[in-house]
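Below: one structure, written as structure tokens.
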Amino acid sequence: MGTTKYIFVTGGVSSSLGKGIIAASLAKLLQARGLRVTIQKLDPYINVDPGTLNPYEHGECYVTDDGAETDLDLGHYERFLNVPTSQANNVTTGRIYQSVIEKERKGEFLGKTVQVIPHITNEIKERIQILGNSGDYDIVITEIGGTVGDIESLPYIESVRQLKWELGEHNSLVIHLTLIPYLSAAGELKTKPTQHSVKTLMESGIQADILVCRTEHELSDSLKRKLALFCNVEKEAVIQSIDATTIYDVPNMMLDEGLDKVALKKLDIKNASDPNLDGWNEFLARHKNPSGEVRIGLIGKYVELQDSYKSILESFIHAGAVNEVKVKVKSIHSEHIDASNVNELLEGLHGVLVAPGFGERGVEGKIEAVRYAREHKMPFLGICLGMQMAVIEYSRNILGLEGANSTEMDEFTPHPVISLMEEQKHITDMGGTMRLGAWKCDLEANSIVGKIYGDIHIEERHRHRYEYNDAYRDALEEAGLRATGINPDTGLVEIVEIPEHPWFVGVQYHPEYKSTVANPHPLFVGFVNAAHQFSKQ
Ligand code: GLN
Numbered sequence: 046m047g048t049t050k051y052i053f054v055t056g057g058v059s060s061s062l063g064k065g066i067i068a069a070s071l072a073k074l075l076q077a078r079g080l081r082v083t084i085q086k087l088d089p090y091i092n093v094d095p096g097t098l099n100p101y102e103h104g105e106c107y108v109t110d111d112g113a114e115t116d117l118d119l120g121h122y123e124r125f126l127n128v129p130t131s132q133a134n135n136v137t138t139g140r141i142y143q144s145v146i147e148k149e150r151k152g153e154f155l156g157k158t159v160q161v162i163p164h165i166t167n168e169i170k171e172r173i174q175i176l177g178n179s180g181d182y183d184i185v186i187t188e189i190g191g192t193v194g195d196i197e198s199l200p201y202i203e204s205v206r207q208l209k210w211e212l213g214e215h216n217s218l219v220i221h222l223t224l225i226p227y228l229s230a231a232g233e234l235k236t237k238p239t240q241h242s243v244k245t246l247m248e249s250g251i252q253a254d255i256l257v258c259r260t261e262h263e264l265s266d267s268l269k270r271k272l273a274l275f276c277n278v279e280k281e282a283v284i285q286s287i288d289a290t291t292i293y294d295v296p297n298m299m300l301d302e303g304l305d306k307v308a309l310k311k312l313d314i315k316n317a318s319d320p321n322l323d324g325w326n327e328f329l330a331r332h333k334n335p336s337g338e339v340r341i342g343l344i345g346k347y348v349e350l351q352d353s354y355k356s357i358l359e360s361f362i363h364a365g366a367v368n369e370v371k372v373k374v375k376s377i378h379s380e381h382i383d384a385s386n387v388n389e390l391l392e393g394l395h396g397v398l399v400a401p402g403f404g405e406r407g408v409e410g411k412i413e414a415v416r417y418a419r420e421h422k423m424p425f426l427g428i429c430l431g432m433q434m435a436v437i438e439y440s441r442n443i444l445g446l447e448g449a450n451s452t453e454m455d456e457f458t459p460h461p462v463i464s465l466m467e468e469q470k471h472i473t474d475m476g477g478t479m480r481l482g483a484w485k486c487d488l489e490a491n492s493i494v495g496k497i498y499g500d501i502h503i504e505e506r507h508r509h510r511y512e513y514n515d516a517y518r519d520a521l522e523e524a525g526l527r528a529t530g531i532n533p534d535t536g537l538v539e540i541v542e543i544p545e546h547p548w549f550v551g552v553q554y555h556p557e558y559k560s561t562v563a564n565p566h567p568l569f570v571g572f573v574n575a576a577h578q579f580s581k582q
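With the numbering used here applied, the sequence shown covers 46 to 582.
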């Protein structure tokens with residue numbers, strides 16, 4: 046294919062309609078037809094990135110190889126496409142303004158008044174085209190966060206309008222995702238909100254090319270015709286997106302509705318092959334026909350909001366399919382765990398995962414959960430803060446270091462087994478200053494991780510400030526908590542294991558960011574397998 050073509054995905058009527066999943070599903074179908082596709086998310090909020098946002102605000106913060114702290118939709122993009130994303134795949138209003146203001150300070154606008162149009166819109170258009178201009182993609186799908194009509198979305202919508210015009214016919218298209226509500230009292234699906242939302246988009250000068258309609262009930266032919274007529278789109282460009290039992294069904298549902306075909310037709314792409322979804326469908330078949338079940342306790346402090354641990358939950362789905370078991374995740378609030386109830390709360394589980402996190406709240410409950418898993422020889426996976434809790438638990442209960450802690454929780458602990466590195470000590474800014482992105486790690490060949498990775502040189506993504514304190518390494522190793530993964534450049538301990546335990550692994554990095562449908566993460570696969578063995582005891 047020649048130049049890159051662009052697909053814009055906007056949303057109307059309501060938020061949370063699943064633009065990210067629709068974008069990822071369309072991308073999957075186009076990829077299955079042999080095209081090189083990437084997806085970008087534009088977020089209209091003023092934070093420079095979601096790294097400083099509380100998970101209750103915005104769900105999980107997803108991290109890319111290049112250390113960008115991004116929207117969780119990028120996780121879906123990677124899980125669906127199995128292609129890494131980068132900083133260029135997520136842009137916020139904060140980042141746009143930051144860069145325009147920096148240019149203004151440098152005098153790059155040559156004395157002009159700096160305005161939303163054209164300076165902010167030019168910056169947005171540039172950010173959209175960076176991916177296309179790289180030459181790596183036939184198609185770039187850009188998802189515009191928010192809902193049309195929102196004040197903060199306006200510069201993005203205007204940028205899309207301009208780009209559509211500049212790119213010319215057949216080089217871009219706009220998909221508008223809307224909701225068709227069902228009024229049970231009237232027994233009817235209602236199209237009016239969609240008509241209004243398409244009209245709002247038109248007021249900004251954009252005619253939607255394709256409508257994807259979220260609905261709880263099938264859209265009849267006549268309803269599709271009505272939508273087509275009133276929204277000025279072709280009938281085959283009215284695509285139904287009915288509620289799915291799993292997000293992994295959505296690509297096939299979009300295939301049945303012909304979303305990929307309409308998109309290719311509108312973009313005038315004639316050389317795409319028939320879609321090959323063999324690998325995807327094999328995964329789905331295994332996911333939907335488990336032959337057993339394992340129960341894993343997810344110990345975290347943001348468990349009320351499922352989105353906080355999105356990548357972990359999805360990694361369990363991938364690993365469950367490999368092991369042909371259903372992974373039932375029991376979320377347990379770490380603040381509710383103490384020595385008196387831990388047995389009752391964790392009994393009957395087959396594995397314990399202590400989740401990442403920040404700050405003091407709930408850490409003592411996490412430490413109790415680690416102790417339970419260690420003492421009951423129950424498979425344990427500690428991720429980031431979860432690994433740090435495992436080191437603290439071992440220091441307190443096996444080494445007898447009373448009050449051992451991370452300096453994040455207790456600045457004056459007598460035993461700072463987890464502490465800040467020198468270079469982190471003087472940092473005062475919160476945004477983008479953690480150890481972020483992909484870092485190398487060398488594994489001990491004869492360890493759990495050495496065996497399950499199938500390679501002793503790995504690279505995993507990080508997002509933390511505090512580190513395993515090397516001053517305690519000899520004592521911890523002697524007492525049986527082995528350091529089995531080391532950063533070859535810095536010597537930092539990245540993985541701990543207990544060889545005396547059937548499966549006890551703590552990792553300073555986030556394996557969940559790298560698990561995809563095509564490439565389930567070995568640590569999750571190994572952990573679920575260990576939990577399955579445990580369930581048979
Ligand atoms: N709060 C810990 C740190 O900053 C762990 C972070 C995490 O779990 N992502 O080191």
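All residues carry an ideal CB built from backbone N, CA and C; glycine is no exception.
What you are looking at is a predicted structure, and each value in this text was computed from that prediction instead of being measured.
- Query: Can you list the alpha helix (DSSP H) stretches of 4 or more residues lying completely in the region 74-127, in chain order?
  - Reply: The region 74-127 is shown to contain whole alpha helix (DSSP H) runs of 4 or more residues at 100-103, 118-126, in chain order.
- Item | Among Val257, Ser267, Pro567, the one whose alpha carbon lies nearest that of Asp288 | Working through the sequence shown from its first residue, we reach residue 288 at position 243. If we check each option's Cα against that of Asp288, Val257 comes out closest.
- Query: Quick one: what does DSSP say Trp548 is sitting in, helix, strand or coil?
  - Reply: Here residue 548 is taken as the residue at index 503 of the sequence shown, counted from 1. Note: Trp548 maps to coil in three-state DSSP.
- In chain order, what residues of the same chain lie with their CB nearer than 7 Å to the CB of Val93, ignoring the 5 residues before and after it? Indexing the sequence shown from 1 puts residue 93 at position 48. Taking C-beta separations shorter than 7 Å and ignoring five residues to either side along the sequence, the partners of Val93 in its chain run Thr137, Gly139, Arg140, Gln143, Gly476, following chain order.
- Relative to the C-alpha of Gly431, which residue among Gly324, Ile501, Ile412 is closest? As a working mapping, residue 431 is identified with position 386 in the sequence shown. That would be Ile412, whose Cα lies nearest to the Cα of Gly431.
- Message: Ignoring anything shorter than 3 residues, give me the beta strand (DSSP E) runs that lie fully in the region 123-195, in order along the chain.
- Response: As summarised for the region 123-195, the continuous beta strand (DSSP E) elements at least 3 residues long and confined to that stretch are 135-137, 184-189, given in chain order.
- Kindly indicate the opening and closing residues of the alpha helix (DSSP H) around Gly201. Reading the sequence shown from its first residue, position 156 is the one you call residue 201. A small correction: the amino acid at residue 201 is Tyr; Gly does not occupy that position in the sequence shown. First-last of the alpha helix (DSSP H) with Tyr201: 199-212.
- Excluding sequence positions up to five away, which residues of its chain have a Cβ less than 6 Å from the Cβ of Trp548? Working through the sequence shown from its first residue, we reach residue 548 at position 503. Result list for Trp548: Pro424, Ala575, in chain order.
- Message: At a threshold of 8 Å, does Tyr517 count as lining ligand 1 (C-beta to nearest heavy atom)?
- Response: Start at 1 with the first residue of the sequence shown, and residue 517 comes out as number 472. No, the beta carbon of Tyr517 sits no closer than 8 Å to any heavy atom of ligand 1.
- Item | Closest Cα partner of Leu87 within the set Leu228, Ile202, Phe275, Asp474 | Translated into the one-based positions of the sequence shown, residue 87 becomes position 42. Measuring from the Cα of Leu87, the nearest candidate turns out to be Ile202.
- Task: Taking only runs that begin and end inside the region 377-432, name each unbroken alpha helix (DSSP H) of 4 or more residues, in chain order.
- Result: 387-391, 408-420
- Cα separation between Ser217 and Leu391? Within the sequence shown, the letter at position 172 stands for residue 217. Within the sequence shown, the letter at position 346 stands for residue 391. Between Ser217 and Leu391, the C-alpha separation is close to 53 Å.
- Task: Could you check which residue in Leu481, Asp487, Glu522 has the C-alpha nearest to that of His507?
- Result: Here residue 507 is taken as the residue at index 462 of the sequence shown, counted from 1. Comparing Cα-Cα distances from His507 to each of Leu481, Asp487, Glu522, the minimum goes to Leu481.
- Any heavy atom of ligand 1 closer than 8 Å to the Cβ of Pro100? Within the sequence shown, the letter at position 55 stands for residue 100. Checking every heavy atom of ligand 1 against the Cβ of Pro100, none is found closer than 8 Å.
- N- and C-terminal bounds of the beta strand (DSSP E) containing Tyr347: Here the question's residue 347 lines up with position 302 in the sequence shown. Premise fails: Tyr347 is in no beta strand (DSSP E) and is neither H nor E.
- Query: Considering only the beta carbon of each residue, do Glu542 and Leu526 sit closer than 9 Å?
  - Reply: In the sequence shown, counting from the first residue as 1, residue 542 sits at position 497. In the sequence shown, counting from the first residue as 1, residue 526 sits at position 481. The answer is yes: Cβ separation under 9 Å.
- Task: Give the C-beta separation of His546 and Lys422 to the nearest angstrom, bearing in mind that I take them to be a contact with Cβ-Cβ under 8 Å.
- Result: As a working mapping, residue 546 is identified with position 501 in the sequence shown. As a working mapping, residue 422 is identified with position 377 in the sequence shown. That belief holds up - the Cβ atoms of His546 and Lys422 are roughly 6 Å apart, short of 8 Å.
- Query: In chain order, what residues of the same chain lie with their CB nearer than 6 Å to the CB of Pro335, ignoring the 5 residues before and after it?
  - Reply: As a first step, residue 335 is located in the sequence shown; it is residue number 290 there, counting from the start. The residues are Glu369, Val370, Lys371.
- Query: Start and end of the beta strand (DSSP E) containing Gln285?
  - Reply: Locating residue 285 in the sequence shown gives position 240, where the first residue counts as 1. Unbroken beta strand (DSSP E) run through Gln285: 283-287.
- Message: Under DSSP, the alpha helix (DSSP H) around Thr245 begins and ends at which residues?
- Response: Translated into positions along the sequence shown, residue 245 becomes position 200. 237-248 is the span of the alpha helix (DSSP H), which, as asked, contains Thr245.
- Going by Cα to Cα distance, which pick from Val339, Ile377, Ser560 is closest to Ser580? Against the sequence shown, residue 580 aligns to sequence position 535. Selected option, being the one with the closest Cα: Val339.
- Message: Which complete alpha helix (DSSP H) runs does the region 278-341 hold, if anything under 4 residues is left out?
- Response: 295-302, 304-311, 323-333
- Message: I'd like to know if the region 47-55 and the region 180-190 are in contact, where contact means that at least 3 CB-CB pairs between them fall below 8 Å.
- Response: Counting C-beta pairs closer than 8 Å gives three or more between the region 47-55 and the region 180-190, which meets the contact rule.
- Message: Given this structure, state the Cα-to-Cα distance separating Thr478 from Thr192, to the nearest angstrom.
- Response: One-based indexing of the sequence shown puts residue 478 at position 433. One-based indexing of the sequence shown puts residue 192 at position 147. Rounded to whole angstroms, Thr478 to Thr192 spans 31 Å at the Cα level.
- Exposure label - Gly448; buried when at least 16 CB within 10 Å: Counting from one through the sequence shown, the residue named residue 448 turns up at place 403. Classification of Gly448: exposed, given that the 10 Å Cβ count is below 16.
- Would you say the beta carbon of Gly96 comes nearer than 8 Å to a heavy atom of ligand 1? Counting from 1 along the sequence shown, the entry for residue 96 is found at position 51. Gly96: no, Cβ never under 8 Å from ligand 1.
- Item | Which listed residue (Ser204, Gln433, Gly213, Ile472) has its alpha carbon closest to that of His555 | Along the sequence shown, one-based indexing puts residue 555 at 510. Ranking Ser204, Gln433, Gly213, Ile472 by Cα distance to His555 puts Gln433 first.
- Any contact of the region 374-383 with the region 339-348, i.e. 3+ C-beta pairs under 8 Å? yes
- Query: How long is the line joining the alpha carbons of Leu74 and Ser376, rounded to whole angstroms?
  - Reply: Here residue 74 refers to the residue found at position 29 when the sequence shown is read from its first residue. Here residue 376 refers to the residue found at position 331 when the sequence shown is read from its first residue. Rounded to whole angstroms, the separation of the alpha carbons of Ser376 and Leu74 is 33 Å.
- Item | Nearest neighbour of Ser242, chosen from Ile472, Gly499, Gly56, Ala520 [CA to CA] | Taking the sequence shown and counting its residues from 1, the one referred to as residue 242 is at position 197. The option with the nearest alpha carbon to Ser242 is Gly56.
- Range of the contiguous beta strand (DSSP E) that encloses Pro461: Counting from one through the sequence shown, the residue named residue 461 turns up at place 416. Its beta strand (DSSP E) spans residues 461-465.
- Cut-off 7 Å between Cβ atoms - residues of its own chain near Tyr182, not counting five sequence neighbours on either side: On the sequence shown, residue 182 is found 137 positions in, with the first residue counted as 1. So the qualifying residues of the chain are Thr49, Arg81, Val82, Thr83, Leu176.
- Message: Could you compute how far the alpha carbon of Glu467 sits from the alpha carbon of Ser249?
- Response: Translated into positions along the sequence shown, residue 467 becomes position 422. Translated into positions along the sequence shown, residue 249 becomes position 204. The alpha-carbon atoms of Glu467 and Ser249 are separated by roughly 52 Å.
- Message: Alpha carbons only, please: which of Val408, Glu438, Ile428, Gly536 is nearest the one belonging to Glu420?
- Response: Position 375 of the sequence shown, counting from 1, holds the residue named residue 420. Nearest C-alpha to Glu420: Glu438.
- Message: Helix, strand or coil, according to DSSP, for Phe53 in the structure here?
- Response: Walking along the sequence shown from the start, residue 53 turns up at place 8. DSSP places Phe53 in strand when its eight states are reduced to three.
- Message: Are there any heavy atoms of ligand 1 lying less than 8 Å away from the beta-carbon of Arg78, as far as the coordinates show?
- Response: Along the sequence shown, read from residue 1 onward, the residue named residue 78 stands at position 33. Incorrect: Arg78 has no Cβ contact closer than 8 Å to ligand 1.
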